[in-house]
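Shown next, in structure tokens, is the structure this report addresses.
Numbering (our numbering), first residue to last: 222 to 612.
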């Protein structure tokens with residue numbers, strides 16, 4: 222399990238209203254946080270009507286964190302409205318195995334005016350025993366400037382201007398029931414500054430809850446990965462192998478597929494493999510299939526999609542997304558996605574990877590990794606709590 226946290230947009234401003242850019246592409250599972258630092262302890266900011274902003278934690282007006290949910294996947298920016306004082310901000314994007322809707326714990330500290338260079342953090346009491354995969358975000362704010370001492374955990378810090386801000390990302394230690402983020406060094410020791418700190422812990426998504434596919438990162442197997450099945454009908458025999466270099470996006474391996482057209486491949490045949498069907502869907506469910514693809518195709522193209530079956534195994538329909546050689550890179554994995562609404566009577570779903578209409582002149586050498594099938598209507602992470610009994 223892993224979670225990537227990246228800074229999408231940031232700034233330091235005296236403007237009342239600013240426009241914050243969202244990433245060029247993002248998925249339904251991606252989540253966002255705004256960390257916001259003010260020069261003065263004033264009212265909270267307001268956000269544009271095309272996003273929903275939920276306060277995670279604040280010290281009462283100078284430092285705050287908000288969870289941001291865009292109304293649609295087509296939103297490209299949103300506004301933040303503050304006052305005329307100086308403020309810094311950073312928009313963070315979370316992708317991977319975390320769930321911002323389950324911020325399991327948070328805490329805040331307002332040190333007031335202090336001459337020490339260290340900004341101290343309060344203890345965060347977790348709601349359960351940490352697995353070690355939770356994400357801890359800690360932020361420090363100063364009402365003036367700071368000469369931050371950064372570390373390997375630092376993902377953002379201002380380099381000038383008042384309302385200084387720094388943000389760190391760390392993991393919990395497995396077995397812990399409390400977290401205390403490392404103190405921040407703002408520099409300028411001996412100079413009075415109003416210092417603030419806040420931190421929160423994002424829940425790790427249990428393995429198998431978010432991704433419904435088995436062996437989704439192709440770690441198990443010898444030639445074709447375990448729980449994936451060849452269903453090709455081209456004249457020749459496709460070559461399957463597990464790569465440990467090219468195409469690896471998650472884990473240690475990626476599935477490689479190679480085939481060169483031979484006599485008899487007349488444009489009506491296919492190279493295809495699929496994952497074993499998963500049950501438990503209901504008609505109307507929206508299913509998303511994500512896949513990382515690397516490699517080259519000559520006189521060929523690929524599709525990937527989902528197909529639905531009734532409870533007795535009767536095929537109903539399928540939907541697929543096509544891609545060409547120009548859509549992928551020979552050495553760097555490219556993420557592609559598609560969605561499928563489960564049709565009436567749909568109960569089982571399988572996902573497939575196919576190179577259709579294969580011709581004599583066709584050549585493919587393609588790698589696949591981190592296949593993810595998610596039912597967007599299913600809660601991804603059940604609540605967990607720690608119960609301690611004393612006698």
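C-beta atoms are modelled at their ideal positions from N, C-alpha and C, and glycine is treated no differently.
Taking the alpha-carbon positions, what's the residue i to residue j distance?
i	j	result
residue 555	residue 363	40 Å
residue 532	residue 492	27 Å
residue 462	residue 589	11 Å
residue 375	residue 254	16 Å
residue 325	residue 423	6 Å
residue 361	residue 242	23 Å
residue 335	residue 412	8 Å
residue 607	residue 397	Note that residue 607 scores 38 on pLDDT, short of 50, meaning its location in the model is unreliable and no value can be drawn from it.
residue 353	residue 406	25 Å
residue 370	residue 329	21 Å
residue 266	residue 237	10 Å
residue 596	residue 507	6 Å
residue 574	residue 247	22 Å
residue 224	residue 315	7 Å
residue 529	residue 537	6 Å
residue 535	residue 357	47 Å
residue 594	residue 441	18 Å
residue 471	residue 563	28 Å
residue 228	residue 258	15 Å
residue 582	residue 546	15 Å
residue 428	residue 294	Because residue 428 carries a pLDDT of 40, less than 50, the predicted location of this residue cannot be relied on, and no value is offered for it.
Would you kindly report the start and end of the unbroken beta strand (DSSP E) that includes residue i?
i	result
residue 363	356-363
residue 307	Run containing residue 307: none; DSSP gives neither H nor E here.
residue 416	414-425
residue 556	555-562
residue 577	569-580
residue 375	375-378
residue 275	272-279
residue 257	252-259
Can you give the beta carbon distance from residue i to residue j, rounded, assuming they're within the 8 Å contact cut?
i	j	result
residue 400	residue 313	Not quite, the Cβ-Cβ distance comes to about 18 Å (not below 8 Å), so this is no contact.
residue 450	residue 512	The pair is not a contact, with the Cβ atoms about 16 Å apart (cut-off 8 Å).
residue 233	residue 306	Not really, about 12 Å apart at Cβ, beyond 8 Å.
residue 290	residue 272	6 Å
residue 393	residue 402	That belief does not hold up - the Cβ atoms of residue 393 and residue 402 are roughly 11 Å apart, past 8 Å.
residue 540	residue 527	6 Å
residue 409	residue 368	6 Å
Measure from the alpha carbon of residue i to the alpha carbon of each residue in the options, then state which is nearest.
i	options	result
residue 460	444, 467, 473	444
residue 433	237, 592, 552, 558	592
residue 311	338, 226, 403, 295	226
residue 286	575, 485, 467, 417	417
residue 231	256, 247, 321	256
residue 585	564, 524, 559	524
residue 359	349, 367, 377, 351	377
residue 567	499, 581, 510, 550	499
residue 469	553, 503, 517	553
residue 404	455, 341, 453	341
residue 473	546, 464, 581	464
residue 504	235, 565, 277	565
Have a look at the DSSP bridge pairing and note the partners of residue i.
i	result
residue 497	In the DSSP output, where bridge partners are listed per residue, residue 497 has none listed.
residue 516	587
residue 443	According to DSSP, which records beta bridges pairwise, residue 443 is partnered with nothing at all.
residue 347	Per DSSP, none; premise fails for residue 347.
residue 233	309
Answer yes or no: the CB of residue i versus the heavy atoms of the ligand ADP, is any distance below 7 Å?
i	result
residue 504	This structure lacks the ligand ADP, and indeed carries no ligand of any kind.
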